[in-house]
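For the sequence shown, this note's numbering begins at 60 and goes up steadily by one.
First up is the structure itself, then whatever we jot down about it.
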Amino acid sequence: MKASDAVTKFLAAHDIHHCFELVGGMITHLLDSMAHDGRFTIMSMHHEQAAAFAAEGVARHTMGTKIAVALGTSGPGATNLITGIGSCWFDSIPCLFITGQVNTTELKGDRAIRQQGFQELDIVPMVKSITKYAAQVTDPLSLLPQLHKALSSARGGRPGPVLIDIPNDVQRKDIPDDVVQAWVTKPLESVDAPAPATSLLDELSALCAAAERPLVCLGGGARWAPSMPAWVASLEAFGVPYVSTLMGHERVACAHHYFNMIGSYGNREANWALQNCDLLIVVGARLDVRQTGADTADFGRAAKIVQIDLDPAQLDNRIKSDLAILSEAETFFRRFQIGPKTFAAKSAEWVAALADVRARGARNEYPDWDISPSHLFALLNTHLRGKPVDYVCDVGNHQMWAAQGLRLGENQAVHYSGGMGAMGFALPAALGIASIAKHKTIVISGDGSIQVNVQELDTLHRRGSDLAIIVLNNHSLGMVKNFQDMYFDGRNQSTLQGYSCPSFTELARAYGIKAIHVSGSAQLEQAVIEVAQSSGPILVEISMPYATECRPRLAFGKKLDEQYPSVD
């Protein structure tokens, strides 16, 4: 069997049916085999970075239960995938990347030359630090074993991306049918998840029983755990307050005892809860600077801190805990059940105080702006209520406005580029999600971010997906401009001076996509209704040139619960 056909058969056998690519000479055999097979959804993108983000979107929508493949040809095709590979690495997304390579006879090998074949580039050492496994295959008989090892690694333990680099002549060679069949039917290797030690769970039980002001914080490592919804429902049933990180917020539904997102751009009530609890249980969060602020000594100032994580290197890293438990979130949720006596000493005044802080914080943070982000996301919450939807956010002020304002319901999720923080993430990731979702996908972007992969508007038009794009156009790179305003006396090089953007309404129409322009608050609700009721591609451009800051936010030198602007 031709090697490229064997790869296709192997991928289909392991439930990989989505491929995203930009065609190039060194992947034509693989593409032809997938197309001829007939079991693959192949989406041709206009940039390999977009292909990488789209493949990531499939895993995000399915909470890691399905893996997609992103293909890139040799040379620039391979290097263009790297940002997407890094995005998967930092946010723990399982994804398969396959790069084509020049013929093995054209590889430079150990020769002290820069390049032998045209577009030859050794991608493997470049991505070693941001993949769980990366290898170049020069022997066709080792191709399926290497793929098997890569897929096993992507799914096992802490998920992440893997890469296989396949020279063109290897793709063309034959692999014996019996060898192919043996590897196609061989189950992937599994990794036993770390389980919490019983003695540590006993210590945790004692801390919970004594806590008067308990708080649970759910991170990105918990968001895909199958048992998380039931475990959170137990917190709700027994009145235990909980918050989330940015990545945890992706899958936590709005509820009475959920006090929203912590961090530098967090909700006021969440940060107040952090700084006033006496027990903080952190599940699957690495507690980076955006979550804790720079003053780590003041984080959870009154609390005993318990951290649960499957990565031992993340335990006691920036924040020193009182109890560190090595465990996968799913295993922890199953082993540590919440019951009526788990938090026996919990104070009713604690929950009431949190509810009061939340009520006082539920205000329009932008009364001086014609169009308020607080109002926009309240409208989205209202008009999408009860409807399944995946929101996908780019990076900038709009991402933080969304994280502060979105209130998810059942069958709703939001996706953020967390660790990588990549502008240009949202549109291609949403295309990947829309390729597998059976409901609406909504992109939240800004004028700066949307331009990074704006060429994929053509892909959207070609696909005709039920995908809406909301561009919050402040005619600047607002988040960085805000830093410049604070530190450089308003010198706005490259964020305002030297920066420009087109009319996205006209641009969308040029691509054949329905577009609406919103220039004032009176038009906003009708535009949101159009988004909610649409069934195909639509773009809404909201012009708000004054909107160059996020409120509340943590100012330099301030405590986590002293966000700007201050309120009573």
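Even glycine gets a Cβ: it sits at the ideal position worked out from N, Cα and C.
Query                                                                                                                                                                            : Result
Excluding sequence positions up to five away, which residues of its chain have a Cβ less than 8 Å from the Cβ of VAL239?                                                         : MET60, ALA65, LYS68, PHE69 and LEU203
According to DSSP, is ASN376 part of a helix, a strand, or is it coil?                                                                                                           : coil
Quick check on CYS267: does DSSP put it in helix, strand or coil?                                                                                                                : helix
Which of the three DSSP states, helix, strand or coil, is assigned to CYS452?                                                                                                    : strand
Please tell me whether GLY579 and ASP429 are closer than 7 Å, where the distance is taken between their beta carbons.                                                            : yes
Report the partner residues of GLN552 according to the DSSP bridge assignment.                                                                                                   : GLN556
Judging by CA-CA distance, which residue of LYS191, GLY168, ALA111 and GLY325 is the nearest neighbour of ASN456?                                                                : GLY325
Output the boundary residues of the alpha helix (DSSP H) element that contains ILE172.                                                                                           : Where ILE172 is concerned, there is no enclosing alpha helix (DSSP H), given that its DSSP letter is neither H nor E.
For ALA114, does the count of other Cβ atoms within 10 angstroms reach 16, so buried, or fall short, so exposed?                                                                 : buried
Tell me where the alpha helix (DSSP H) around THR138 begins and ends.                                                                                                            : 135-139
Between ASP347, ILE144, GLY477 and SER103, which has its C-alpha nearest CYS154's C-alpha?                                                                                       : ILE144
So who's on the other strand from GLU80, going by DSSP bridges?                                                                                                                  : SER103 and LEU130
Kindly indicate the opening and closing residues of the alpha helix (DSSP H) around ASP415.                                                                                      : 407-420
Closest to ASN376 by C-alpha separation, out of GLY616, ARG417 and VAL348, would be which residue?                                                                               : VAL348
Ignoring anything shorter than 3 residues, give me the beta strand (DSSP E) runs that lie fully in the segment 524-608, in order along the chain.                                : 526-532, 573-577 and 597-602
Taking three-plus beta-carbon pairs below 8 Å as touching, is the segment 126-139 in contact with the segment 507-524?                                                           : no
Rounding to the nearest angstrom, what Cα-Cα distance links GLN396 and LEU531 in this structure?                                                                                 : 43 Å
Could you give the uninterrupted runs of the alpha helix (DSSP H) lying entirely in the segment 287-317, keeping only those of 4 residues or more?                               : 287-296
Helix or strand or just coil, what does DSSP make of ILE152?                                                                                                                     : coil
I'd like the ranges of any beta strand (DSSP E) spanning at least 3 consecutive residues and lying wholly in the segment 339-372.                                                : 363-368
Just to check my reading of the structure: VAL502 and LEU516 have Cβ atoms closer than 8 Å, yes? What is that Cβ distance to the nearest angstrom?                               : Actually they are not in contact, since the Cβ atoms of VAL502 and LEU516 sit about 11 Å apart, beyond 8 Å.
Label MET104 either buried or exposed according to how many other C-beta atoms from any shown protein chain fall within 10 Å of its C-beta, with 16 as the threshold for buried. : buried
Just the C-alpha distance for GLY477 and SER146, rounded to the nearest angstrom, thanks.                                                                                        : 8 Å
Between which two residues does the alpha helix (DSSP H) carrying ILE492 extend?                                                                                                 : 485-493
Relative to the C-alpha of HIS474, which residue among GLY445, ARG568, LEU555 and SER504 is closest?                                                                             : SER504
What span of residues does the alpha helix (DSSP H) with PRO184 cover, start to end?                                                                                             : 182-186
By DSSP, does VAL275 sit in helix, in strand, or in coil?                                                                                                                        : strand
Considering only C-alpha positions, which residue in the set ALA403, LEU369 and ALA383 is nearest to THR390?                                                                     : LEU369
Tell me the rounded alpha-carbon separation between GLY278 and GLN108.                                                                                                           : 26 Å
Starting from ASP224, trace the beta strand (DSSP E) in both directions and tell me its first and last residue.                                                                  : 220-226
Can you grab the Cα-Cα spacing for the pair LEU247 / ILE86, in whole Å?                                                                                                          : 25 Å
Unbroken alpha helix (DSSP H) runs of length 4 or more, entirely within the segment 377-404: which are they?                                                                     : 388-394
Examine the Cβ distances between the segment 331-338 and the segment 307-317 and report whether three or more of them are shorter than 8 Å.                                      : no
So VAL502 is in the beta strand (DSSP E); what residue range does that whole segment cover?                                                                                      : 499-505
Take PRO285 and list the residues in its own chain whose beta-carbon comes closer than 7 Å to its own, dropping the five residues that flank it on each side.                    : GLU389
Determine the contact status of VAL577 and ILE597, defining contact as a CB-CB distance below 7 Å.                                                                               : no
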